[in-house]
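Below: one structure, written as structure tokens.
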Amino acid sequence: MSNLRFVQGVRVMNWGMKNRLSQIMGRHDDGRCVMLAVDHGYFLGPTEGLENPREVISPLLPFTDSIMLTRGILRTSVRPESCVPVVLRVSGGSSIIGEDLSKEAVIASIEDAIRLNASCLAVSVFIGSKYEHQTLTNLARLVDEGERYGIPILAVTAVGREMARDSRYLGLSCRIAAEFGAHIVKTYYCNDFDTVVRSCPVPLVIAGGKKLDEKDALKLAHDAISSGASGVDMGRNIWQSKTPVSMIKAVRSIVHEGLDVEGACSTFIHQPTKANVTTKLQK
Ligand code: 5RP
0 MSNLRFVQGV
10 RVMNWGMKNR
20 LSQIMGRHDD
30 GRCVMLAVDH
40 GYFLGPTEGL
50 ENPREVISPL
60 LPFTDSIMLT
70 RGILRTSVRP
80 ESCVPVVLRV
90 SGGSSIIGED
100 LSKEAVIASI
110 EDAIRLNASC
120 LAVSVFIGSK
130 YEHQTLTNLA
140 RLVDEGERYG
150 IPILAVTAVG
160 REMARDSRYL
170 GLSCRIAAEF
180 GAHIVKTYYC
190 NDFDTVVRSC
200 PVPLVIAGGK
210 KLDEKDALKL
220 AHDAISSGAS
230 GVDMGRNIWQ
240 SKTPVSMIKA
250 VRSIVHEGLD
260 VEGACSTFIH
270 QPTKANVTTK
280 LQK
């Protein structure tokens, strides 16, 4: 478990918890991870670029350390022979056209998560929003269930609409999620991100957010890792890119190989070709 030496509190975890956490955070000796997020459809429906999940996921799988998705997309769009660890989204219940996105419940049982061989469960918490309390109690319940079965919990933090995505509010959200027992916390990159990292005692991964120019998205990943993030959980900036395979390779080179933005861009980001847009393999 030496690859987990970066994770505070790992000594007190049971073997199953350590094993699953190491599938997410410990596949490399740096304690970092590249997680591919393709769970957007759970509230957005057929998001641009993710209309056909199987076609999107398949060429990217060989280059990600884990994949974050719902059970519906896992069952239909990833081959069961796949060895890529699964981060199963288990919260939901509102859509982009519904009353309030923060109105979420736990939408999959722990038994089904185990049947699906999930290595981690993802639940959103919406701090400062109308249903803050219920999303935090969702997290608390999942942490209890995860501890019972040795499955780590990823808390996906969001802040209320009127709150700035700055270090104060993101720091508040991340810290609350860690206090509730989340094993990994996902947030957004912001100025003074190192203060968010310092006040959150569990590994932080960052979302990519809305599609940016490739170089800007790589800079975001680079800045986050340089400020202490343990990895990325990126979606749109990978699969909405014209060259998704090149983009995930570039992100990976920043997270695991220490490339800077220029290096990652010049090595991986070229004009679309058949080779960088698709590969046939599913790991
Ligand atoms: C949605 C999510 C997404 O997985 C998350 O936002 C990451 O994707 P992106 O990089 O596209 O922002 O958790 O609630």
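With numbering that gives the first Met the number 0 as the guide, the letters of the sequence shown map in order to residues 0 to 282.
Glycine is no exception: its CB is placed at the ideal position from the N, C-alpha and C atoms.
All values reported here derive from a predicted model rather than from experimental measurement.
- With respect to Cys-173, Val-155 sits apart: the two C-beta atoms are not nearer than 8 angstroms.
- For Ser-128, the closest C-alpha among the options Ser-76, Asp-99 and Ala-220 is that of Asp-99.
- Here DSSP, grouped into helix, strand and coil, assigns Ile-96 to coil.
- Annotation: Gly-71 is outside any beta strand (DSSP E); the continuous alpha helix (DSSP H) that includes it extends over 70-76.
- In this structure, the straight-line span from the alpha carbon of Leu-169 to that of Ala-157 is close to 8 angstroms.
- Taken through DSSP and simplified to helix, strand or coil, Leu-49 comes out as coil.
- Residue burial is scored here from C-beta neighbours: His-269 has fewer than 16 other C-beta atoms within 10 angstroms and is therefore classed as exposed.
- Where Phe-267 is concerned, the enclosing alpha helix (DSSP H) starts and stops at 260-267.
- Taken from the Cβ of Gly-208, at least one heavy atom of the ligand 5RP lies inside 7 angstroms.
- Ala-220 places its beta carbon less than 8 angstroms from that of Ile-253.
- Using a Cβ distance threshold of 8 angstroms, Thr-63 and Ile-224 do not count as a contacting pair.
- Rounded to the nearest whole angstrom, the CA to CA distance from Phe-267 to Asp-259 is 12 angstroms.
- As a beta-bridge residue in DSSP terms, Phe-125 pairs with Ala-157.
- Three or more Cβ pairs closer than 8 angstroms define a contact, and the region 170-190 falls short of that threshold against the region 41-52.
- In the structure shown, the three-state DSSP call for Arg-88 is strand.
- Under the Cβ criterion (8 angstroms, minimum of three pairs), the region 122-140 counts as touching the region 81-94.
- Within 7 angstroms of the C-beta of Arg-235 there is at least one heavy atom belonging to the ligand 5RP.
- The ligand 5RP has no heavy atom closer than 7 angstroms to the beta-carbon of Asp-212.
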